[in-house]
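If you read the sequence shown in our numbering, its first letter stands for residue 13, the second for the next number, and so on. For every residue, glycine included, the Cβ atom is placed at its ideal position computed from N, Cα and C. Have a look at the structure below before the remarks.
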Amino acid sequence: MEIVVLVIVVGAVIWLIDRSRKRRPQPARPSSPVRQAAGHLLPTFKVVALGVPGSGKTALLASMFYRQWAPRPELGNYYLRLPHSDALYLSSLYREISDPTGLWPSGTGVGQEREFEFGCMLQLDGTHHELARIKYIDYAGELLTEASPEHLSSFEVLLRHVEEASVMLVIIDGLRLRQWFDGHVNAAFRLDLAIRPYIQLALRATCPVQFLITKWDLLQPIGFDDRERLRKCRDALLSNEAFRALVMTHNRDRMLRLIPVSAVGFGFADLAPSGHVVKRADAEASPTYVEIPLCAVVPDLFQQVEHAMDEAARTQVMGELQRLMGRGGGWVNLAAPGMAQTPARRLLRSLAGTVPNGSLAAESVELLAEWLARPLIQEREDALRQVDAFALQRATILRARSALLEIMRRQVVMLQEHLPESVLSYELRYLP
Numbered sequence: 013m014e015i016v017v018l019v020i021v022v023g024a025v026i027w028l029i030d031r032s033r034k035r036r037p038q039p040a041r042p043s044s045p046v047r048q049a050a051g052h053l054l055p056t057f058k059v060v061a062l063g064v065p066g067s068g069k070t071a072l073l074a075s076m077f078y079r080q081w082a083p084r085p086e087l088g089n090y091y092l093r094l095p096h097s098d099a100l101y102l103s104s105l106y107r108e109i110s111d112p113t114g115l116w117p118s119g120t121g122v123g124q125e126r127e128f129e130f131g132c133m134l135q136l137d138g139t140h141h142e143l144a145r146i147k148y149i150d151y152a153g154e155l156l157t158e159a160s161p162e163h164l165s166s167f168e169v170l171l172r173h174v175e176e177a178s179v180m181l182v183i184i185d186g187l188r189l190r191q192w193f194d195g196h197v198n199a200a201f202r203l204d205l206a207i208r209p210y211i212q213l214a215l216r217a218t219c220p221v222q223f224l225i226t227k228w229d230l231l232q233p234i235g236f237d238d239r240e241r242l243r244k245c246r247d248a249l250l251s252n253e254a255f256r257a258l259v260m261t262h263n264r265d266r267m268l269r270l271i272p273v274s275a276v277g278f279g280f281a282d283l284a285p286s287g288h289v290v291k292r293a294d295a296e297a298s299p300t301y302v303e304i305p306l307c308a309v310v311p312d313l314f315q316q317v318e319h320a321m322d323e324a325a326r327t328q329v330m331g332e333l334q335r336l337m338g339r340g341g342g343w344v345n346l347a348a349p350g351m352a353q354t355p356a357r358r359l360l361r362s363l364a365g366t367v368p369n370g371s372l373a374a375e376s377v378e379l380l381a382e383w384l385a386r387p388l389i390q391e392r393e394d395a396l397r398q399v400d401a402f403a404l405q406r407a408t409i410l411r412a413r414s415a416l417l418e419i420m421r422r423q424v425v426m427l428q429e430h431l432p433e434s435v436l437s438y439e440l441r442y443l444p
């Protein structure tokens, strides 16, 4: 009965907001002064993270930055950068999380929105390049599970974020799954309550969706390795009507992933008889799989766009890109601003206009073209190093972007090879 009431309330709120939107125009959002001051636009991708209170959403965010704040060889010297104040906040938060003698930090308050703009950085030839940005919206889970009239304006903002999202992250509390496997009373009800409101939002969006199973370390007893554990979790989630409806409806046209993550890793915390998660006093945190969600943002979006292209359109685009790159050094113009008016870019723009919810910005279409042209760029790697001074900056940007896209794609390919069950939309999976 509680689930029915919750769904009715959420549905009513969505209806009221849609109705109010039709009655009043939406003000234009100002462009970021930071990007204006930089003198150029970077491709920016919006990520909206949603999860119930206590699901580990905030801890995941802190651990993602902790693992990616500096260049690391295993990530091809790709890393994330934040403004100093945000970096200090997340670093301090992770110190609380990883302190085995301390308490768990509090989560996001009702109606509270936290926004972080990550710079996607790459160290190449001794230089640090900012090549894209990920705007991460961390939203309070109570906004859906405790819907009320006073939260109407916050809910409207959330709906706008969802409609503009490049990727949605739906946080599934691993503790709820552990209780389901342990046969707790009402475990199925609690699991449904934890995911159904977010499924309803995910059905409204057109972007890729990542389902992130947090507290993965608590699920260690349910299987002998991560693949068996993830298979069991996938089957348990597919037994839920709402989750199954989303997967069955969109597994052929949207990138859907199921990714296990742990902010602290195996052996850091235990599940007490009381049902609370308690830290081990002698443990050391070791985050698990937390690099994958942000690495997958750009490749998943572009893979979905590419999958939507029919063969004739794809052949036409690739032919245009190949001709552009074969024009006696004209390939350097792939990285030049204002190239959206070439035939290939115009076609890409029209094809990309349906994903997600409207269109890709011009600078993101530029990056999409480079995603499609990766094989051509890699074939010309040596030529990119031998250009005149005039073209050197553009050639360097092109090499760096190509390298960044490949690093991100490779991280997801390795996850797919290690955990095939992480792909819920099989036809959109990456090929090695």
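Check                                                                                                         : Outcome
Opposing strand residues paired with K244 [DSSP bridges]                                                      : BP columns for K244 are empty, so no partner.
Cα-Cα separation, S376 to K147                                                                                : 14 Å
R445 in three-state terms, based on DSSP                                                                      : Since the displayed the chain opens at 13 and closes at 444, residue 445 lies outside it and no answer follows.
Neighbourhood of D247 by C-beta, 7 Å cutoff - its chain only, sequence neighbours within 5 removed            : none
Distance between H96 and A71 (C-alpha atoms, nearest Å)                                                       : 19 Å
For A61, three-class secondary structure by DSSP                                                              : strand
Whole-number beta carbon distance between L258 and A214, since they are thought to touch under 8 Å            : 6 Å
Burial state of V290, where buried means 16 or more other Cβ atoms lie within 10 Å                            : exposed
From A381, R256, L270, residue whose alpha carbon lies closest to that of E318                                : A381
Closest residue to A284 among L427, R190, I419, E175 (Cα-Cα distance)                                         : R190
S44 versus F77: straight-line alpha-carbon distance, rounded                                                  : Caution applies to S44, whose pLDDT of 34 falls short of 50 and renders its modelled position unreliable; the value that the coordinates give is listed next. Cα to Cα, S44 sits roughly 22 Å from F77.
Own chain partners of A412 with C-beta closer than 8 Å, once the 5 adjacent residues on each side are dropped : L134, L136, H141, L143
Sequence-distant residues of its chain with Cβ nearer than 6 Å to G186 (five each side left out)              : I225, T226, K227, W228, L230, L231
L410 versus L436, L427, E378, residue with shortest Cα-Cα distance                                            : E378
Close beta carbons around I389, own chain, < 6 Å, minus the five adjacent residues each side                  : S414
Element boundaries [alpha helix (DSSP H), containing V221]                                                    : Not the alpha helix (DSSP H): V221 falls in the beta strand (DSSP E), residues 221 to 225.
Segment contact flag, the region 50 to 69 with the region 193 to 200, C-beta cutoff 8 Å, min 3 pairs          : no
Neighbourhood of Q423 by C-beta, 8 Å cutoff - its chain only, sequence neighbours within 5 removed            : L87, E303, I304, C307, A308
Burial state of R264, where buried means 16 or more other Cβ atoms lie within 10 Å                            : exposed
First through last residue of the beta strand (DSSP E) which encompasses G131                                 : 125 to 136
Inter-residue CB distance, V329 and L181 (contact presumed, cutoff 8 Å)                                       : Incorrect: roughly 29 Å between the Cβ atoms, too far for contact.
Simplified DSSP assignment, three categories, for P285                                                        : coil
Cβ-based neighbour list, I234, same chain, cut-off 7 Å, excluding 5 preceding and 5 following                 : F193, R241, K244
Integer-rounded CB distance, given that F314 should sit under 8 Å from A295                                   : The pair is not a contact, with the Cβ atoms about 39 Å apart (cut-off 8 Å).
Backbone CA spacing between L203 and S434 [nearest angstrom]                                                  : 19 Å
Simplified DSSP assignment, three categories, for Y442                                                        : coil
Beta-bridge pairing of K291 - partner residues as DSSP gives them                                             : A281
D111 burial status per 10 Å Cβ neighbour count (16 or more: buried)                                           : exposed
heavy atom of the ligand PLP below 7 Å from V329 C-beta                                                       : The ligand PLP is absent from the structure shown, which contains no ligands of any kind.
DSSP state of D229 mapped onto helix, strand, coil                                                            : helix
Same chain, Cβ closer than 8 Å to V367, five either side skipped, listed in chain order                       : At V367 the pLDDT is 45, less than 50, meaning the model places this residue with poor confidence and gives no usable figure here.
Beta-carbon gap between A275 and S104 smaller than 8 Å                                                        : no
Straight-line Cα distance separating E127 from P39                                                            : In this prediction, P39 has a pLDDT of 40, which is less than 50 and means its spatial position is unreliable; nothing more can be read from the coordinates.
Check whether A206 and V64 have beta carbons under 8 Å apart                                                  : yes
Buried or exposed (CB count within 10 angstroms, at least 16 for buried), Q48                                 : Below a pLDDT of 50, predicted positions are generally treated as unreliable, and Q48, at 29, falls in that range; the measurement from the model is reported next regardless. With fewer than 16 Cβ atoms within 10 Å of its Cβ, Q48 is classed as exposed.
Under the three-state DSSP convention, the category M180 falls into                                           : strand
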